[in-house]
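Residue numbers (the numbering used here): 298 to 470.
Working notes for the structure below.
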Amino acid sequence: MVVQNDFENASIAIDSIALGKVSTVNKLVEAAKIQQLKQQLELHGFELLETEEAILSDAIKTEILNFVAQADMESEKLSVYLTHKLHKDYGVLSKHFSKYNDSTIERYLIKLKVEKAKQYIREGRFNFSEIAAQLGYHSLSHLSTQFKKETGVSLSEFKSNPDLQRNTLDKIL
């Protein structure tokens, strides 16, 4: 609703709108309208992706988020998942992501898994071994090592310190 209102306030007709994607009736060419729309979207925590590179980068991030959100990450490799979802060779996706984000897909995946582990710890629904399994780790020690490397604290330290917070998804890269 917020995004739709921002487009309407900028007098830009929407063809379709879905999570993370808006198609307009006409191509946006008027610089003043584009600037107004950008400012409105930014006020509400959104951004306007204008280039094909930005759009592809965002699509890769979205699919990695979806991959981490699925229940069983062990059933499929991320490279196969991304290739299937985005209909592009993984090598192309990987190079593009690294160039556009100054990080690798694998690094981003690790950061997302650590944030998901933080979420699970705060929810208290799973013990550490269950969290490791949920996130596709073959052992608790592997999760523990990555968690400590990313956060500087152990899983137990994070659990016992309520002042330690999760990072928002837009702050991960």
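We treat Cβ as the ideally placed atom computed from N, Cα and C, and that holds for glycine.
A quick note: this is a predicted structure, and the numbers were derived from the prediction, not measured.
Asked: Does the region 446 to 466 come within contact of the region 412 to 429, defined as at least 3 CB pairs closer than 8 Å?; Found: yes
Asked: Name the one or two DSSP bridge partners that residue 426 has.; Found: DSSP, once it has assigned bridges, lists no residue as partnering residue 426.
Asked: Whole-angstrom Cβ separation of residue 319 and residue 299, contact assumed at under 8 Å?; Found: About 12 Å separates the two Cβ atoms, so there is no contact after all.
Asked: Could you say if the region 301 to 314 and the region 330 to 337 meet the contact criterion of at least three C-beta pairs nearer than 8 Å?; Found: yes
Asked: Name, in chain order, the residues that DSSP records as bridge partners for residue 365.; Found: DSSP lists no partner for residue 365.
Asked: Residues bridged to residue 469 by DSSP?; Found: Residue 469 is not bridged to any residue.
Asked: When the distance is taken between beta carbons, is residue 466 closer than 9 Å to residue 412?; Found: yes
Asked: In this structure, what does DSSP give as the bridge partners for residue 318?; Found: 315
Asked: Contact check, residue 469 vs residue 409 under 8 Å by CB: the rounded distance?; Found: 7 Å
Asked: Give the range of the alpha helix (DSSP H) segment to which residue 305 is assigned.; Found: 299 to 306
Asked: Just the C-alpha distance for residue 383 and residue 357, rounded to the nearest angstrom, thanks.; Found: 8 Å
Asked: Would you give the residue range spanned by the alpha helix (DSSP H) that residue 404 belongs to?; Found: 402 to 420
Asked: Which runs of the beta strand (DSSP E) spanning at least 3 residues fall entirely within the region 370 to 403, listed in chain order?; Found: none
Asked: Could you tell me if the beta carbon of residue 353 falls within a distance shorter than 8 Å of some heavy atom in the ligand GTP?; Found: Summarising the ligand content, the structure contains no ligands, and the ligand GTP is consequently not present.
Asked: In whole angstroms, give me the CA-to-CA distance for residue 425 and residue 326.; Found: 52 Å
Asked: How many whole angstroms separate the CB atoms of residue 303 and residue 341, which I take to be in contact at a CB cut-off of 8 Å?; Found: 7 Å
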